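Asker: After the structure tokens below, expect a handful of questions from me.
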Amino acid sequence: TNTPQALPTGWVEADGATVSDAQSVYNGQVLPDLNGGEFIRGAGTSGGTGGSDTMAHTHGVTTNVAVGNHIALTVNGHTNHTALTLNTDQHNHSFSDTSDNPSAIM
1 TNTPQALPTG
11 WVEADGATVS
21 DAQSVYNGQV
31 LPDLNGGEFI
41 RGAGTSGGTG
51 GSDTMAHTHG
61 VTTNVAVGNH
71 IALTVNGHTN
81 HTALTLNTDQ
91 HNHSFSDTSD
101 NPSAIM
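Position 8 of the sequence shown, counted from 1, bears residue number 8 in the UniProt record's numbering, the numbering being contiguous throughout.
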């Protein structure tokens, strides 16, 4: 079993509780609650977020000719998708997508 050890004297768990210690300068202050999926990391300054709110990236697409009027699309090894094409002379298509929707091009 993993029985938690008692916290050392003067330490408190960051569980969202209010400090109740008349001898502490933090008496009455609410502690942060790190039990809800928060992750602590070092920072050069207080209040930093450690990343970007948005992330730009690209996916390569490979087309494979299949039987009939369809082509199979492989997006960097993810699930294959099919798209209806017309029977015409060989030619190429290109596309770009800047939306946040993961299936915007499918």
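For every residue, glycine included, the Cβ atom is placed at its ideal position computed from N, Cα and C. In this text, all values refer to a predicted model and were calculated from it rather than measured experimentally.
1. Cα separation between residue 31 and residue 14?
2. Check whether the Cβ atoms of residue 19 and residue 28 sit closer than 8 Å, and answer yes or no.
3. Would you identify the three-state DSSP class for residue 30, choosing helix, strand or coil?
4. For residue 21, which three-state DSSP category applies?
5. Based on Cα-Cα distance, which residue from 12, 4, 5 and 6 lies nearest to residue 34?
6. Can you find the residues in the same chain that come closer than 7 Å, C-beta to C-beta, to residue 5, ignoring five residues on each side of it along the sequence?
7. How many angstroms separate the CA atom of residue 40 from the CA atom of residue 25?
Answerer: The short version:
1. Answer to the nearest angstrom: the Cα atoms are 6 Å apart.
2. Less than 8 Å divides the Cβ of residue 19 from the Cβ of residue 28.
3. Looking at residue 30 - three-state DSSP - the assignment turns out to be strand.
4. Residue 21 falls in the coil class under three-state DSSP.
5. For residue 34, the nearest C-alpha among the options comes from 12.
6. Around residue 5: no qualifying Cβ.
7. Distance between the alpha carbons of residue 40 and residue 25 is about 23 Å.
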